[in-house]
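Undergrad: So for the sequence shown, the working numbering puts the first residue at 28; every next one is plus one.
Glycine included, every Cβ here is placed at the ideal spot set by N, Cα and C.
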Amino acid sequence: MRTVNRLGILVMLTAAGFLMGACAASQSQLERVPLTENPVEVVNSFDNEIANGLKNQLNVLSPTWFEKAETSLREAKKGLDSREEISDILQNVTRGRKHLSTAEEMAKLSRTALRRVIKSRDLARAAGATKLDDYGKAEEQFLALTRAIEEDNLRSAQRNEEKVSKAFQELELRAIKVQTIGKVRQLIAQAEEEGVKKLAPESLALAQAKLKAADAFITENPYEREKMSDMAQDALFNAQRALEIAKQSQKIRGMDSEQIAVWLEDILHRTTGVLNAPDMRNESFDIQVENILGSIKALQLDRAHMILKTEELQADRENLKKQILALETKTREEATAKESLEAERQAAEERLAAERRFNQKFVEIQHYFQPDEAEVYKQGNQLVIRLRAVQFPVGKEVIMPHNYPLLSQVQRSIRTFDKPSVTIEGHTDSTGSDEVNAYLSQKRADAVREYLIANETLPAKDIVAVGYGSKRPLASNATAEGRAVNRRIDVIVKPQVPAAQ
28 MRTVNRLGIL VMLTAAGFLM GACAASQSQL ERVPLTENPV EVVNSFDNEI
78 ANGLKNQLNV LSPTWFEKAE TSLREAKKGL DSREEISDIL QNVTRGRKHL
128 STAEEMAKLS RTALRRVIKS RDLARAAGAT KLDDYGKAEE QFLALTRAIE
178 EDNLRSAQRN EEKVSKAFQE LELRAIKVQT IGKVRQLIAQ AEEEGVKKLA
228 PESLALAQAK LKAADAFITE NPYEREKMSD MAQDALFNAQ RALEIAKQSQ
278 KIRGMDSEQI AVWLEDILHR TTGVLNAPDM RNESFDIQVE NILGSIKALQ
328 LDRAHMILKT EELQADRENL KKQILALETK TREEATAKES LEAERQAAEE
378 RLAAERRFNQ KFVEIQHYFQ PDEAEVYKQG NQLVIRLRAV QFPVGKEVIM
428 PHNYPLLSQV QRSIRTFDKP SVTIEGHTDS TGSDEVNAYL SQKRADAVRE
478 YLIANETLPA KDIVAVGYGS KRPLASNATA EGRAVNRRID VIVKPQVPAA
528 Q
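#1: Would the beta-carbon of Leu414 fall within 7 Å of that of Ile516?
#2: Can you give me the C-alpha to C-alpha distance between Glu371 and Lys488, rounded to a whole angstrom?
#3: Under the DSSP definition of a beta bridge, which residues are partnered with Val403?
#4: Who pairs with Lys521 in a beta bridge, going by DSSP?
#5: Measuring CB to CB, does Ala202 end up less than 7 Å from Ala156?
#6: Identify the residues that DSSP records as bridge partners of Ala134: which are they?
#7: Ala505 by DSSP, collapsed to three states: which one?
#8: Given Arg499, which residues of its chain have a CB within under 7 Å of its CB, disregarding the five upstream and five downstream residues?
#9: Quick one: what does DSSP say Ala52 is sitting in, helix, strand or coil?
#10: Would Leu530 and Tyr466 qualify as a contact pair, given that the criterion is a beta-carbon distance under 7 Å?
#11: Can you tell me whether Gly453 is helix, strand or coil according to DSSP?
#12: So what does DSSP say about Tyr250, is it helix, strand or coil?
#13: With DSSP run on the structure shown, which of helix, strand or coil describes Val67?
#14: Going by other Cβ atoms of all chains shown within 10 Å of its Cβ, with 16 needed for buried, is Trp290 buried or exposed?
#15: In whole angstroms, give me the CA-to-CA distance for Thr30 and Thr63.
#16: Can you name the start and end residues of the beta strand (DSSP E) that Val491 belongs to?
#17: Using the Cβ count rule (16 or more neighbours within 10 Å means buried), how would you classify Val425?
#18: Below 7 Å between beta carbons: does that hold for Gly509 and Asn464?
#19: Beta carbon of Arg471, beta carbon of Phe419: below 7 Å?
#20: Have a look at Gln196 and Lys210 and give me their C-alpha separation to the nearest angstrom.
#21: In the DSSP assignment, what are the bridge partners of Arg515?
#22: Mind reading off the beta-carbon distance from Glu452 to Ile519? Whole number of angstroms is fine, and I expect it under 8 Å.
#23: Suppose you measure from the CA of Gly459 to the CA of Lys349; what does that come to, to the nearest Å?
#24: Kindly indicate which three-state DSSP category Asn303 falls into: helix, strand or coil?
#25: Which same chain residues end up closer than 7 Å to Ser192 when comparing Cβ atoms and leaving out the 5 residues on each side of it in sequence?
#26: CA-CA distance, Lys225 and Asp293?
#27: Please classify Thr337 as buried or exposed, where buried requires at least 16 neighbouring CB atoms within 10 angstroms.
#28: Where does Thr484 fall in DSSP's three states?
#29: Going along the chain, which residues of its own chain have a beta-carbon closer than 8 Å to the beta-carbon of Leu233, five neighbours each way excluded?
#30: Under 7 Å, do Val223 and Leu214 count as touching if we go by C-beta distance?
#31: Which class does Gly222 belong to by DSSP, given the choice of helix, strand or coil?
#32: Using the Cα positions of Ala240 and Met258, report the straight-line distance between them to the nearest angstrom.
#33: Alpha helix (DSSP H) containing Tyr162: first to last residue?
#34: Any contact of the stretch 110–119 with the stretch 79–94, i.e. 3+ C-beta pairs under 8 Å?
#35: Determine the direct distance from the alpha carbon of Thr129 to that of Cys50, and round the result to whole angstroms.
#36: Using the Cα positions of Gln54 and Lys125, report the straight-line distance between them to the nearest angstrom.
Next up, the structure:
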């Protein structure tokens, strides 16, 4: 057994040496950014590379080298703001890209050497463990492992991996119980205080049974995570349901039989009104319900028909694209040197026209928003929509309905461009721990991304969401006003730019 362990360690150390060598080679291959490049576009491009690194968790898989890359980015941005020499700004970008390349190589080794603890950490975070008070301790232990790998101390990282992995597993189980079942217990206690046992005894008993079953299952089956999560959510649903049934029971208690019938009739009538279905209040309740269900089915059939027609149009469009491609291929084969020069001239004109269109659209989009809703400005060849009015419930990532009109304006702004790429940035103030802020900002950015995808704003591959937590404040976090400014969602739209010939 000792021989096998020694062999495993030898293999990992060999891999570490190989990756360190590859890292040095990749750094030496990175060349300085030419002085002819636009410094604003270069810094924006490097900023996007840092954002991708953050999304790929380089900040925890190689914390030291990623922090160096971020420091270089901050210095480059500072140089832009203070109008430093272009050579100094581009040198910071070159240095930062070398650090980022090293971080990527170190992260590869961390993912290989710390596979078990990374999986345990991901499961704990998915369960909501970042909200637990002692999550930060486990996170620091995890960072100690990745820093040990950065320092070429692979044996130390492997020696402590099992302990840190168990810490995350315990946090995951606690998170499931505290965050989900704990809320169920709280709701059931509230229900008992409010007399739900008298108003809805069967509903309350069902919720209590669901809670007991979920608690027992989590304790006895600590590795069946999907099943325990489903049971916990079921218990929570039934606890909330018991409270609502009690409220309705209390409401009905004060009604006579006719008032109850009229109340139910009004619910059905309002539903038929929304569906534009016939008014059938002169029929039985069963017929009124059938009327509603029939109207819904008709709408579903109509939607299915529209989807089919859309698919047919898309097929026609694809056929047309193929015909155009065939014609373009033939034209390229017959093109002369003169036509090539003409193509270069046209491409230059298209780029200039694209810049003019971008400026026109920038002015147009500025008028979509009120000053208290969003701030719109240009950042190099990108458009930034800084949403001031998007608000989330405290500690949550749920998009509330009152935000839909503002997000519709964001959709309209994005669709103004032809197939752009979009980055959704989530930012918080400094209240709470860095880990909680980073996790919450990522979830909120993901929620906005999913909203845009669900509403077919762009294909999913063209929208990226990144959570920066409190790392990029716009104002001081020492005041309530400053913290309010720092809690924001930034939508960065990058239109397509015609390529140089």
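TA: Taking the structure as given:
#1: Position 387 of the sequence shown, counting from 1, holds the residue named residue 414. Position 489 of the sequence shown, counting from 1, holds the residue named residue 516. Yes, the pair counts as a contact, with Cβ atoms nearer than the cut-off.
#2: Numbered from its first residue, the sequence shown carries residue 371 at position 344. Numbered from its first residue, the sequence shown carries residue 488 at position 461. Looking at the two C-alpha atoms, the distance is approximately 30 Å.
#3: Your numbering for residue 403 matches position 376 in the sequence shown. For Val403, which the question treats as bridged, DSSP gives the partners Ile412.
#4: One-based indexing of the sequence shown puts residue 521 at position 494. For Lys521, which the question treats as bridged, DSSP gives the partners Ser448.
#5: Within the sequence shown, residue 202 is the residue found at index 175, counting from 1. Within the sequence shown, residue 156 is the residue found at index 129, counting from 1. In contact: Ala202 and Ala156 (Cβ atoms closer than 7 Å).
#6: Walking along the sequence shown from the start, residue 134 turns up at place 107. DSSP output for Ala134 lists no bridge partner at all.
#7: In the sequence shown, counting from the first residue as 1, residue 505 sits at position 478. Three-state result, Ala505: coil.
#8: Translated into positions along the sequence shown, residue 499 becomes position 472. If we look at Arg499 and ignore the five residues flanking it on each side, its Cβ neighbours are His454.
#9: In the sequence shown, residue 52 corresponds to position 25, counting from 1. Residue placement at Ala52 is flagged as unreliable, the pLDDT there being 42, under the threshold of 50; the coordinate-derived value follows with that caveat. In the structure shown, Ala52 sits in a helix (DSSP, three-state: H, G or I).
#10: One cannot answer for residue 530 here, as it falls past the ends of the chain, which runs 28 to 528.
#11: As a working note, residue 453 is residue 426 in the sequence shown. Strand at Gly453.
#12: One-based indexing of the sequence shown puts residue 250 at position 223. Coil.
#13: As a working note, residue 67 is residue 40 in the sequence shown. In the structure shown, Val67 sits in a helix (DSSP, three-state: H, G or I).
#14: Here residue 290 is taken as the residue at index 263 of the sequence shown, counted from 1. Around the CB of Trp290, fewer than 16 other CB atoms lie within 10 Å, so the residue is classed as exposed.
#15: To locate residue 30, count along the sequence shown from 1; it is residue 3. To locate residue 63, count along the sequence shown from 1; it is residue 36. Any answer about Thr30 is weak, because its pLDDT of 36 lies below 50 and its placement is not dependable; what the coordinates show is given next. Distance between the alpha carbons of Thr30 and Thr63 is about 58 Å.
#16: The residue given as residue 491 occupies position 464 in the sequence shown. Unbroken beta strand (DSSP E) run through Val491: 490–496.
#17: Here residue 425 is taken as the residue at index 398 of the sequence shown, counted from 1. Val425 comes out exposed.
#18: Reading the sequence shown from its first residue, position 482 is the one you call residue 509. Reading the sequence shown from its first residue, position 437 is the one you call residue 464. For Gly509 and Asn464, no; Cβs fall outside 7 Å.
#19: Walking along the sequence shown from the start, residue 471 turns up at place 444. Walking along the sequence shown from the start, residue 419 turns up at place 392. It is a contact, given that the beta carbons lie within the stated cut-off.
#20: Here residue 196 refers to the residue found at position 169 of the sequence shown. Here residue 210 refers to the residue found at position 183 of the sequence shown. Using only the alpha carbons, I get a separation of about 21 Å.
#21: Here residue 515 is taken as the residue at index 488 of the sequence shown, counted from 1. For Arg515, which the question treats as bridged, DSSP gives the partners His454.
#22: As a working mapping, residue 452 is identified with position 425 in the sequence shown. As a working mapping, residue 519 is identified with position 492 in the sequence shown. 7 Å between Cβ atoms; contact.
#23: The sequence position of residue 459 within the sequence shown is 432, counting from 1. The sequence position of residue 349 within the sequence shown is 322, counting from 1. Gly459 and Lys349: Cα-Cα distance of roughly 55 Å.
#24: Counting from 1 along the sequence shown, the entry for residue 303 is found at position 276. Coil at Asn303, not helix or strand.
#25: Here residue 192 refers to the residue found at position 165 when the sequence shown is read from its first residue. Counting only Cβ-Cβ distances below 7 Å, and skipping sequence neighbours, we find Arg143, Val144, Ser147.
#26: Position 198 of the sequence shown, counting from 1, holds the residue named residue 225. Position 266 of the sequence shown, counting from 1, holds the residue named residue 293. If you draw a straight line from the Cα of Lys225 to the Cα of Asp293, it comes to about 27 Å.
#27: Taking the first residue of the sequence shown as 1, we reach residue 337 at position 310. With fewer than 16 other Cβ atoms within 10 Å, it is exposed.
#28: Taking the sequence shown and counting its residues from 1, the one referred to as residue 484 is at position 457. Correct three-state label for Thr484: coil.
#29: Taking the first residue of the sequence shown as 1, we reach residue 233 at position 206. Correct list, in chain order: Asn265, Ala269.
#30: Taking the sequence shown and counting its residues from 1, the one referred to as residue 223 is at position 196. Taking the sequence shown and counting its residues from 1, the one referred to as residue 214 is at position 187. In this structure, Leu214 does not lie closer than 7 Å to Val223 by Cβ.
#31: Walking along the sequence shown from the start, residue 222 turns up at place 195. In the structure shown, Gly222 sits in coil (DSSP, three-state: anything other than H, G, I, E or B).
#32: Translated into positions along the sequence shown, residue 240 becomes position 213. Translated into positions along the sequence shown, residue 258 becomes position 231. The straight-line gap from Cα to Cα measures roughly 8 Å.
#33: The residue you call residue 162 lines up with position 135 of the sequence shown. Element bounds for Tyr162: 162–177.
#34: no
#35: Position 23 of the sequence shown, counting from 1, holds the residue named residue 50. Position 102 of the sequence shown, counting from 1, holds the residue named residue 129. Summary for Cys50: the model assigns pLDDT 47, below 50, so the residue's position carries little reliability, and this model does not support an answer.
#36: Within the sequence shown, the letter at position 27 stands for residue 54. Within the sequence shown, the letter at position 98 stands for residue 125. Confidence is the limiting factor: at Gln54 the pLDDT is only 44, short of 50, which leaves the residue's position unreliable, though a coordinate-based value still follows. Taking the straight line from one Cα to the other gives about 5 Å.
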